[in-house]
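Which chain is which? The protein sequence lines are A and B, in order.
Residues 1 to 201 (my numbering) are what the first sequence spells out, left to right.
Residues 1001 to 1335 (my numbering) are what the second sequence spells out, left to right.
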Amino acid sequence: MYKYIDNFADEVIEQMRNLPKDEIAKAIHIIQSVYERDGRIYVFGNGGSMAMATHWVGDFNKTVFSHNLDSSIKRFQAIRLPSTEAEITAWANDVGFDMVFAGPLKNYLQETDCLIAISSSGNSLNIIKAVELAKSHHVPVIGVSGFTGGKLNELADAKIVVKTKSGAYAVVESVHNAILHLLTSYFQDYFDHIIEKNGKK
Amino acid sequence: MIITRAPLRISFVGGGTDIKEFYSRYPGRVLSTSIDKFVYIVAHTGNFGNFIMKYSKTETVEDVLEISHTRFKEALVKMEIPKGIEIASFADLPAKTGLGSSSSFTVALMKALYSIKGKKISKEETAQAACELEIDILKEPIGKQDQYAAAYGGLNVITFNTDGTVSVEPVFMDFKFKSKFENHMMLFFTGMTRSASSVLSGQKKKIDDNFETYKKMSDSVLVFRDKLLSQDLRGMGEMLHEAWQRKKTLASSVTNDSTDALYETAIKAGAWGGKILGAGGGGCLLFMAEPGTQEKIQEALEKKAKGLKLNDFKRVHFGLTVSGIDVLFNSSNIL
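Below is the structure:
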């Protein structure tokens, strides 16, 4: 039993030691620029990735500011895509599952926004369609993928890929979650710093 | 109605190596950053028939060729915009201060005009469109660094390749260092304005004589970047000092007696180094100094400026940003 646990932990640790730092830095840059221009961040994925997208939106809209909820500082506008179950099922039922993200995104997307697309394979058609829509309008895309990165990694501006053998979902998703939390932590520390600095003025 | 916004920039090292006469022979490089001061363009189309341009003046004309503001005129001609358009520009700081505002203006204008035509263009395409307008069409003797700095935004090493292409490599800093970096910089408007073109035409003629100096300026960008990455603020300040000494040898119009006097005053009061921003000959002065010495430096400079009768001399507080050209509002957003 211990060996099984150690093996899994080793695989995750190995990935955590080899995070694509430059690409994560690029992602932070993209999010910072969206904040400066008051744009919105659309986050999406299928299955477990959708659960992570939902969790991240909650953290980003509140946890990032949780030490400063009374402060008047401008906040993030992170939105899980689509934002209602009704839209997912309506697009899937009426048009097709490949349009569940691109369809609703077309309603909202502005040039000031950015996307965070989460897909372990990087090849889910519905994810790629939304990413292609964004790219055709020069909206920056943060791609969070696994395995070989797939088409998502090719198209993304910030190419965060957790390289593993194909099908290693558990390891990939564990590391994805850590990376997403890293983004949250960074901006939480950032706003703590800004508010402390402004308070001292 | 379209509203676009392009940031102003501060360039640290390598300015001047973005001129074709140099980079066609050896890669030019600059290290610059966008700041939280902007040029805004508001463009509105309607049925009112004329061309209305609003800047420090207002022009209302029927024929595009009657517009006296050359950038507005040539941009509208190039983009084949028919009459029935009103464009206004706004800026956080006055023009000719060495912060690249004229190219920020062109970048914001070109992005707005493309948006009016329903075309979304990338940062690269926006920078290219601005370069084409300023360098190829208006024949201004300027380089390409400002158009790229305004279009991309952020702190970058911008390389001007010998084949005419441009590469933009961001330098990543976390917020703690960014804040520390900001706290070690002081920006002053000298109260003197100048046109970059007049200074640069003098420099351009002397590229051959000064080729080795330009090469050193281009290579020093990589050294400055490494100091930035190792967070050696003092080393960066000292490099600015060396670079300023070098740049002064390029053309007599780069500096003048008042600028030199202000510079020396700041160094005597404890600044590590600094430079005139932009092509030179007035505009803004940037210094790097320990936060504890800044009050003393500012007092000394204000006193000196008063003596030189520079009544508009003042400190400009600023922050570093990462976003470049943006369409903030587009009422006809058709995706």
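Cβ atoms here follow ideal geometry from the backbone N, Cα and C, with glycine treated the same way.
Check: Pair within 9 Å by beta-carbon distance, L1308 (chain B) and A1266 (chain B); Outcome: no
Check: Beta carbon of G1143 (chain B) nearer than 9 Å to that of I1019 (chain B); Outcome: yes
Check: Three or more C-beta pairs below 8 Å linking the stretch 1317-1324 of chain B and the stretch 1153-1168 of chain B; Outcome: yes
Check: Beta carbon of S145 (chain A) nearer than 9 Å to that of V171 (chain A); Outcome: no
Check: CB of N153 (chain A) within 9 Å of CB of G103 (chain A), strictly; Outcome: no
Check: Own chain residues within Cβ distance below 6 Å of F101 (chain A), not counting five before or after; Outcome: F44, L81, N126, A130
Check: Per-residue DSSP class, three states only, for I1121 (chain B); Outcome: coil
Check: Listed by chain order, chain A residues near G1118 (chain B) by CB distance under 9 Å; Outcome: By Cβ distance, chain A contributes nothing, its closest Cβ being about 12 Å from G1118 (chain B), past 9 Å.
Check: Complete runs of the alpha helix (DSSP H) confined to the stretch 1200-1241 of chain B [at least 4 residues]; Outcome: 1211-1229
Check: 7 Å Cβ cut-off: residues of chain B touching S33 (chain A); Outcome: G1153, V1322, S1323
Check: Same chain, Cβ closer than 6 Å to L1328 (chain B), neighbours up to 5 away in sequence not counted; Outcome: I1003, R1005
Check: Expected contact under 8 Å - CB spacing of I1085 (chain B) and T1058 (chain B) to nearest Å; Outcome: About 14 Å separates the two Cβ atoms, so there is no contact after all.
Check: Residue range of the unbroken alpha helix (DSSP H) whose run includes L19 (chain A); Outcome: Premise fails: L19 (chain A) is in no alpha helix (DSSP H) and is neither H nor E.
Check: E1059 (chain B) (DSSP reduced to helix, strand or coil); Outcome: strand
Check: Counted within 10 angstroms of its Cβ, other Cβ atoms place L1065 (chain B) as buried (16 or more) or exposed; Outcome: exposed
Check: A1091 (chain B) vs F1038 (chain B) beta-carbon contact at 9 Å; Outcome: yes
Check: Nearest to D1326 (chain B) (by Cα), restricted to the options B:A1108, B:D1226, B:G1028; Outcome: B:A1108
Check: Beta strand (DSSP E) segments (min. 3 residues) lying fully within the stretch 1134-1190 of chain B; Outcome: 1155-1160, 1166-1170, 1185-1189
Check: Positions along the stretch 132-152 of chain A whose CB lies within less than 7 Å of some CB in chain B; Outcome: H137, H138
Check: Contact under 9 Å by Cβ, E1132 (chain B) with K1078 (chain B); Outcome: yes
Check: Any 3 or more C-beta pairs closer than 8 Å across the stretch 82-102 of chain A and the stretch 1008-1015 of chain B; Outcome: no
Check: Min CB distance L1335 (chain B) to chain A below 9 Å; Outcome: The predicted position of L1335 (chain B) is uncertain, since its pLDDT is 46 and thus under 50; no value can be drawn from it.
Check: C-alpha distance - I1081 (chain B) paired with D192 (chain A), whole-angstrom precision; Outcome: 48 Å
Check: Sub-9 Å separation of G1237 (chain B) and T1259 (chain B) beta-carbons; Outcome: no
Check: Residue from B:N1050, B:S1220, B:E1062, B:L1187 with nearest C-alpha to L1286 (chain B); Outcome: B:L1187
Check: 9 Å Cβ cutoff met for L155 (chain A) and I41 (chain A); Outcome: no
Check: Buried/exposed call for P1141 (chain B), threshold 16 Cβ in 10 Å; Outcome: buried
Check: Straight-line gap, L1335 (chain B) to K106 (chain A) (C-alpha atoms, nearest Å); Outcome: Low confidence applies to L1335 (chain B): its pLDDT is 46, below 50, so where it sits in the model is not reliable enough to give any reading.
Check: Chain A contact for N1330 (chain B) (CB, 9 Å cutoff); Outcome: yes
Check: is_contact[V1327 (chain B), chain A] using C-beta, thresh 9 Å; Outcome: yes
Check: Exposure of E1062 (chain B), with buried meaning 16 or more beta-carbon neighbours within 10 Å; Outcome: exposed
Check: Contact belief for K1119 (chain B) with H138 (chain A) at Cβ below 8 Å, rounded distance in angstroms; Outcome: That belief does not hold up - the Cβ atoms of K1119 (chain B) and H138 (chain A) are roughly 11 Å apart, past 8 Å.
Check: Beta-bridge partners of T1043 (chain B), as assigned by DSSP; Outcome: According to the sequence as given, residue 1043 (chain B) is Ala; it is not Thr. Answer is B:I1002, B:I1087.
Check: Rounded Cβ spacing between G143 (chain A) and K163 (chain A) (contact assumed at less than 8 Å); Outcome: With 8 Å as the limit, G143 (chain A) and K163 (chain A) do not qualify as a contact, their Cβ atoms being about 13 Å apart.
Check: Local Cβ density within 10 Å of L1229 (chain B), reported as buried at 16 or more and exposed below that; Outcome: exposed
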